[in-house]
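Structure first, commentary second.
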Amino acid sequence: MIYGVMRIIDFSHTDRMTIAAYLFADLNRPLGIYAAMAIACISAALLAVVTERGLFAGLRRRGYAVMMICSLGLSIILQSIMAITHGSMLRTGVIREYPLTNFLNLYPREIVLLFGVPLVILCLRRLLHNTYWGQSLRATIDDYEKAIVHRLPVARLTMIAFAISGILAGASGIAIIIGTGVYPQVGFKYLIFAFAACIVGGVGNIVGALLASLTIGILITAAEFYGSALAAEGVTLLVLVAVLVFAPNGVFGHGLRRI
Amino acid sequence: MPDLYLSLGIKVIIYGLYFLSLSTLLLGKAGYWAVGNLANFALGAFIYACGPLLLGISGGLLYLWIAFTVVAVTILALIPGFAALRLQGDFFAYVSICCVEVVRVLVEKVAGPSGFSHVPRPPGLESELAIILISAFLFIIVAVWIDMFCRTRLELMFATTRTSKTWAASMGIRVRRIEVSMFGIAGGLAGLSGVLFAIYSTGTDPVRFSLMEAVILFALAYLGGIKSIWAPLLSAGLYVITTYALESAFRGSLQIYAPYATSLFFGLILILAMAFTSEKSVAK
Amino acid sequence: MAVHTNPPVNENQGPQIITLYPGLSFSFGKTPLFELPLSSEKIVIRGGDICAVFGPNGCGKTTLLNLLSGFLRPTTGQVCFGPSDDAHGIVIKSSAPRWLNPAAKIAQWDGGVRRTFQVPVISPDISITGHISVARRMKREETFTSWYIAPIRRLFQSKNQKYEIDDTSCEESEQLLKAFNLNKSISNPNTLSYGQKRLLNIAQAIFGGKRLLMLDEPFANLSTSAIAIVKQMFRDFVASKDRAVVLVEHRAKNLPDFTNGLITMRDGLLRFEALKGTKEEEERFISKLISSYFG
Amino acid sequence: MDRKRLYLIISILTIIVAVFVVSQVVQRQDDQVAAPSIIRMASLLPLDGQVASYGEMMRNGQLLAVEEINRDSMSTPIEVTFFNTSHMKDVALDRLREAHQNGYRLVVEIFGSDQANHCLPFAIENGLTILSGVDTRPDLIRLGKGAFYRIMPNDAAAAAILVQWTQELGVENIGIVYVNDDWGKGLYEEADNAARQRKVNVAIVADVIRHQSSFAGTVAKLKSNPIDAVMLFIYPDDGGNLIKEIHRQRLNTRIFATENFTGDDMINAAGDAAIGVMLAVPKPSEDSTTLSQFQEQYVDRYGADPSIFAIKGYDAVKTLYIAAVQSGADPLKTRETIRDLAIPGVGGFISFAEDGEFIPGEYDRLVYTKEGENLALSPWTP
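Chains as they are written, first to last, in my numbering: chain A, 1 to 259; chain B, 260 to 543; chain C, 544 to 838; chain D, 839 to 1220.
Quick look at the structure:
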């Protein structure tokens, strides 16, 4: 979301995801699962807003590269902090989950995701395209100075955007730690494919991103099935590169963007 | 006693060569976010290591093989060059990142999970002293060449192309040709540094070719700056010495937390140096 | 009547430089933006002409210029550079392959074709003399070996000799800069004003162009004195009857007594009108044109 | 580039280098003041990057051993310093050089067979003694020329045991899942050879990567061929997820795994799916109190069951310490003492052959069973 909408390459985004996952893991014993989820998501959102205010707001005029590198530094810092507090081991089995035998033995988590994610995506789409807030946000991103001139509440808009993305990151982090578990450097792995989804899906096109990420998942699993797991990610990325070279705007994208 | 500092110095110079190709040529001249230039580095090390280990090349022939490797990497580097004609800014950055991952997977597939080891050094380069001398020699030559390059009209042509391809084409500059050939030259240079690294470390570490490395190297290249010839050495020094020395420094005081404190400091340095210095935007 | 189309060729006219053949048309979508109907004769721009593309806003003047300079390729028909019987003339066809972008080729055709854009383009990284000197073509740079040779040659040249352009062209460029009163000691061209940037682009074009200049609204936001200088420059440029200037201008008051040919674009049809005779006649003719557009 | 940043970076570099040199000098000085009675060991572990977790487990075990030794005031104190290799060969060699500068002659671990392999020439020429707990590549001992010892049976032994076990169970077709690093790949190759000798058909082979995000594809691949046993040469946490996925896709086969599946990670991830997983674990020494003691200590200290890495780290420190005490901390004499050492370790009885190779003890065959609420390992009975 941050990349697709805010158009900032934010390396620390997936680390917010990891932090939310760790928070959830630590809190769900004492507080119970739902409270833990809520706290994790909210803290991720807070962290996102703080990052935006503290780091990106000051650098927005300095170009994308500066923001990107600073977010990289931030992500390194967050990762090392997590390594100090939680160690580098894979944190698994926070909740022991059992497949629903009657329903194509999926896990409850997967069913929630299956129906929840499209819902969230559609809501976001409506939010961005059919509300005043969304439109002014996109206007802000298209032309920052002009937005300031037109007295759009730029700061508030970007803060809201970051907060939403933080909440989503928190949710995905929880899903991941319930599923396969997290470790401090897990973010980077997911980051690459998140960018892939954003770019191939077309920048700013959320539904496209959803479809693209589905495709990527299927590609990886198929590559694991037919080939080897080592080659899987490489092959997938190769396909993505080919797609990007032949369709530089992404599949569902419109208008090549420049920096 | 001097061995340690010698090998650190070798790393600094070799990565200085790499940064020459990345920051000075690709970022500075062509103006591309070539995050994935590390793929060329990896290919250089990989192809060189294939020679003696898989094809059984040995002795003086290794020098021929080095030349072949550099040429091969140059040719391979033309491919992202052509991709660059269609892609802009961070799109291209992303594609080149993907190239890094693909090359890493290739290396792991062929060379085994932890890379080649016992790659023989060519005759005359057995001792690390010889390696550091030859790398320093190469570095100086390339640096002088680039410095002179900046005073010819090629520099003007690149500045024009950076500003606007249409403008450049309207002045009769063959945009495609000069950009692709710049990618080729930079790729060959990165490949050369890769070869040197393979010779120095007598092996290839897949860890060195990972995505995180590529991004960190790019960040350091941007941090070091693109204008001067000394910038690459600074970036390389930051890359090689910072993490190493910081950890050795911390080890005494906070024993088992030294590695984490190191990376923490490294991130801090990145942010501070980026946030509190002014720079020109180099990316297209 | 002072106005007659397609004057017969006589000796004191220079060689053909651009020829637009009948049937030329260009369209972004379905409906053609402009076309040269098959019935009409071909439009020939000869050496010594200063030809203005003239028409209301949005009728595709700039598009035509982009077409002529090879950034766009015609939907049908063709444009020919140089005499049609000339061996090294260039033909822009609609059938040219997509990946082949002829812009650079055209820009290097026969000594040099240069153009300027509606918005002046300036690179912040190179000095003003650099801007001027990059505009002229240097044959020896186009070989790949020059990448290795040029820096080595530079190694043995004096430091103060800038960008290895020979002294005559050095003086030439300095005269140009003086004529446009641009201060060549300015290091960062971003400090120039908008009009100065445009002047710098024009100076580049004049310095680089040997056969043909294509200028997109060269007179926009220039002072009258500057306009006078530029006009004089163009007249000098075409004085030796082997060069031509094509410019886009929609302000009528700049045209009379300066251009000797008009390419009018009227509801999608290209027509060539030669301007001959006195200033008053030309003004009358142009005002008639304008009234026919808008009235 | 602008001056400001130039100066900034230069100053950063100078500060760092200054701190570096100062720290070196300080360490050198406390070399001189250090009483010869202290036994100092260096431990080269990967503490960041992908395999950081195993470096940390190892470090935890070694720390436990150090604390235990230093607790009783009779024995000579021990000091283990940890160097981070980032799992890179050249960095490992640099760290070893640094350790050598700072006066370390005994190296208790070089994590990773290739790292150790890269460091061996330096160790041989400078008379260092390396004792490793995890490096399982077969030819290391030969290359080590007496400088390298290990207390881990090499891949061949462990793989052979598992294959033999499957053969005794009358299994025709086995599938193998291995993790893509030198440990997993080495085990896979050895197991493949053993299976060919014992006429067991390796029906399908799948590889996984560290921290693979989903095992759906891998398990589907396993299902595609009829197999009645699968061998897992992967790390416990991934293994847990894999077993979970196997259970979920209803692939009912026997599951064999190596000794590193003892410990919490696998159980946490897999849950009840782990019932029936069969492990070949080196037999603990006769008085199996040591193992239980160690496990209690470890849980008290770190709040999790010790993994195989922790156990091996603990044993490595103990072994090298005993050898060093007997030989007066002289690395070259230590080599001899190591060779004719025979002590009960936590992870099995420790003794060395003439060439210095570790003699693998008996293997226990364990299986996970449900005891009340939680799973436990119990000896396997046909």
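Glycine included, every Cβ here is placed at the ideal spot set by N, Cα and C. None of the values given here were measured: they were computed from a predicted structure.
* Using a Cβ-Cβ cut-off of 7 Å (strictly less than) and excluding sequence neighbours within five positions of A:E52, which residues of its own chain qualify? -> Position 52 of the first sequence, counted from the first residue, corresponds to residue 52 of chain A. Cβ within range, chain order: T158, M159 and F162.
* **Whole-angstrom C-beta distance between B:A457 and B:V378, which should lie under 8 Å** => Here residue 378 of chain B refers to the residue found at position 119 when the second sequence is read from its first residue. Here residue 457 of chain B refers to the residue found at position 198 when the second sequence is read from its first residue. With a Cβ gap of about 6 Å, B:V378 and B:A457 count as contacting.
* Applying a beta-carbon distance threshold of less than 9 Å, which residues of chain A neighbour B:G526? -> What you label residue 526 of chain B is simply residue 267 of the second sequence in a count that begins at 1. Near B:G526 (Cβ distances below 9 Å), the residues of chain A are L72, G73, L74, S75, I76, I77, L78, Q79 and S80.
* Report the neighbours of D:G1055 on chain A: residues whose CB is nearer than 9 Å to its CB, in chain order. => By one-based count along the fourth sequence, residue 1055 of chain D stands at place 217. Within chain A, the residues near D:G1055 are I220, T221, A222, A223, E224, F225, Y226, A229 and A232.
* Would you mind telling me which residues of chain B sit closer than 7 Å to C:V664, beta carbon to beta carbon, in chain order? => As a position in the third sequence, residue 664 of chain C is number 121, starting the count at 1. Residues of chain B passing the Cβ test: T422, S423 and W426.
* Any idea if D:E936 is buried or exposed, counting beta-carbon neighbours within 10 angstroms, 16 or more meaning buried? -> Looking up residue 936 of chain D in the fourth sequence gives position 98. Buried.
* Under a CB-based cut-off of 8 Å, is D:L1046 close to chain A? -> If you number the fourth sequence from 1, residue 1046 of chain D lands on position 208. It should be noted that the sequence gives Val, not Leu, for residue 1046 of chain D. Yes - at least one Cβ of chain A is within 8 Å of the one on D:V1046.
* Report yes or no: do three or more beta-carbon pairs, one from the segment 468 to 478 of chain B and one from the segment 966 to 977 of chain D, lie closer than 8 Å? => no
* Nearest to D:D928 by alpha carbon, out of B:Y291, B:L286 and B:G374? -> Taking the fourth sequence and counting its residues from 1, the one referred to as residue 928 of chain D is at position 90. Closest option to D:D928, Cα to Cα, is B:G374.
* To do: Kindly list the residues whose CB is nearer than 6 Å to the CB of B:F417, restricted to its own chain and excluding five residues on each side of it in sequence; keep chain order.
  => Within the second sequence, residue 417 of chain B is the residue found at index 158, counting from 1. Hits under 6 Å: K288.
* Thinking C:A748 and C:R657 are a contact (beta carbons under 8 Å), I'd like their distance in whole angstroms, please. => Numbered from 1 along the third sequence, position 205 holds the residue referred to as residue 748 of chain C. Numbered from 1 along the third sequence, position 114 holds the residue referred to as residue 657 of chain C. Correct: roughly 4 Å between the Cβ atoms.
* Assuming B:E387 and B:L263 make a contact with CB atoms under 8 Å, what is their CB distance in whole Å? -> Locating residue 387 of chain B in the second sequence gives position 128, counting from the first residue. Locating residue 263 of chain B in the second sequence gives position 4, counting from the first residue. About 11 Å separates the two Cβ atoms, so there is no contact after all.
* Asked: Would you call B:Y498 buried or exposed, if buried means 16 or more other Cβ atoms sit within 10 Å of its Cβ?
  -> On the second sequence, position 239 is the one that residue 498 of chain B refers to. Classification of B:Y498: buried, given that the 10 Å Cβ count is 16 or more.
* Asked: Smallest Cα separation from C:S716: which of C:F699, C:G751 and C:V587?
  -> On the third sequence, position 173 is the one that residue 716 of chain C refers to. Measuring from the Cα of C:S716, the nearest candidate turns out to be C:G751.
* Which value, in whole angstroms, describes the spacing of the CA atoms of D:F1053 and B:T422? -> What you label residue 1053 of chain D is simply residue 215 of the fourth sequence in a count that begins at 1. What you label residue 422 of chain B is simply residue 163 of the second sequence in a count that begins at 1. Looking at the two C-alpha atoms, the distance is approximately 48 Å.
* Asked: Across which residues does DSSP place D:N1039 in a beta bridge pair?
  -> Start at 1 with the first residue of the fourth sequence, and residue 1039 of chain D comes out as number 201. DSSP, once it has assigned bridges, lists D:N1011 as partnering D:N1039.
* To do: Using a Cβ-Cβ cut-off of 8 Å, state whether B:V401 counts as contacting chain F.
  => Among the protein chains in the structure shown, which are A, B, C and D, there is no chain F.
* Asked: With 8 Å set as the bound, which would you pick, yes or no: does the beta-carbon of A:V239 sit closer than that to a beta-carbon of chain D?
  -> The residue you call residue 239 of chain A lines up with position 239 of the first sequence. False, the Cβ-Cβ gap to chain D never drops below 8 Å.
* Asked: Okay, do the segment 117 to 125 of chain A and the segment 207 to 214 of chain A touch, 3+ Cβ pairs below 8 Å being the bar?
  -> yes
* Asked: Are the C-beta atoms of B:L448 and some chain C residue less than 8 Å apart?
  -> By one-based count along the second sequence, residue 448 of chain B stands at place 189. By this cut-off, B:L448 is not an interface position.
* Cβ shell of D:I962 (< 7 Å), same chain only, five flanking positions each side left out -> One-based indexing of the fourth sequence puts residue 962 of chain D at position 124. The answer, listed in chain order, is K983 and A985.
* Asked: Which residue's Cα is closest to the Cα of D:A1118: D:Q1131, D:F1099 and D:M1104?
  -> In the fourth sequence, counting from the first residue as 1, residue 1118 of chain D sits at position 280. When each option's Cα is compared against that of D:A1118, the closest is D:F1099.
* Are the C-beta of B:C357 and some C-beta of chain A separated by less than 8 Å? -> If you number the second sequence from 1, residue 357 of chain B lands on position 98. Chain A, which has a Cβ nearer than 8 Å to the Cβ of B:C357, makes this yes.
* Heavy atom of the ligand ZN within 7 Å of D:L1060 beta-carbon -> Looking at this structure, you won't find the ligand ZN or any other ligand, since it has none at all.
* So is D:S970 in contact with chain A if we call contact Cβ pairs under 8 Å? -> Here residue 970 of chain D corresponds to residue number 132 of the fourth sequence, with the count starting at 1. Cβ-Cβ to chain A under 8 Å: no for D:S970.
* To do: In angstroms with no decimal places, state the Cα-to-Cα distance between D:A1041 and B:V362.
  => As a first step, residue 1041 of chain D is located in the fourth sequence; it is residue number 203 there, counting from the start. As a first step, residue 362 of chain B is located in the second sequence; it is residue number 103 there, counting from the start. Their backbone Cα atoms lie some 30 Å apart in a straight line.
* **is_contact[D:S891, chain B] using C-beta, thresh 8 Å** => Walking along the fourth sequence from the start, residue 891 of chain D turns up at place 53. So no, D:S891 is outside the interface.
* Within-8 Å CB hit, B:T411 to chain D -> For the purposes of this step, residue 411 of chain B is taken as the residue at position 152 of the second sequence. No, no contact with chain D.
* To do: May I have the straight-line CA-CA distance separating A:L179 from D:I1081, to the nearest angstrom?
  => Numbered from 1 along the first sequence, position 179 holds the residue referred to as residue 179 of chain A. Numbered from 1 along the fourth sequence, position 243 holds the residue referred to as residue 1081 of chain D. A quick correction: the sequence has Gly, not Leu, at residue 179 of chain A. Distance between the alpha carbons of A:G179 and D:I1081 is about 13 Å.
* Asked: Is the segment 437 to 453 of chain B close to the segment 349 to 366 of chain B, with three or more CB pairs under 8 Å?
  -> no
* In whole angstroms, what is the alpha-carbon distance linking D:A872 and D:A1111? -> As a working mapping, residue 872 of chain D is identified with position 34 in the fourth sequence. As a working mapping, residue 1111 of chain D is identified with position 273 in the fourth sequence. With a pLDDT of 47 at D:A872, under the threshold of 50, the modelled position of this residue cannot be trusted, and the question is left open.
* Which listed residue (D:E1010, D:A930 and D:Y892) has its alpha carbon closest to that of D:R1048 -> On the fourth sequence, residue 1048 of chain D is found 210 positions in, with the first residue counted as 1. D:R1048 has its Cα closest to that of D:Y892, out of D:E1010, D:A930 and D:Y892.
* Asked: By how many angstroms is the C-alpha of C:R589 removed from the C-alpha of C:H674?
  -> For the purposes of this step, residue 674 of chain C is taken as the residue at position 131 of the third sequence. For the purposes of this step, residue 589 of chain C is taken as the residue at position 46 of the third sequence. One C-alpha to the other measures close to 29 Å.
* Quick one: what's got a C-beta closer than 7 Å to A:I216's C-beta in the same chain, skipping five residues either side? -> Position 216 of the first sequence, counting from 1, holds the residue named residue 216 of chain A. Around A:I216: F193, A196, A197 and T236.
* Asked: So, is the C-beta of A:Y183 closer than 8 Å to a C-beta in chain D?
  -> Here the question's residue 183 of chain A lines up with position 183 in the first sequence. Taking Cβ atoms only, chain D reaches closer than 8 Å to A:Y183, which makes this a yes.
* Got a sec: which bits of the segment 731 to 752 of chain C sit with their beta carbon under 8 Å from any beta carbon on chain B, in order along the chain? -> Q747 and G751
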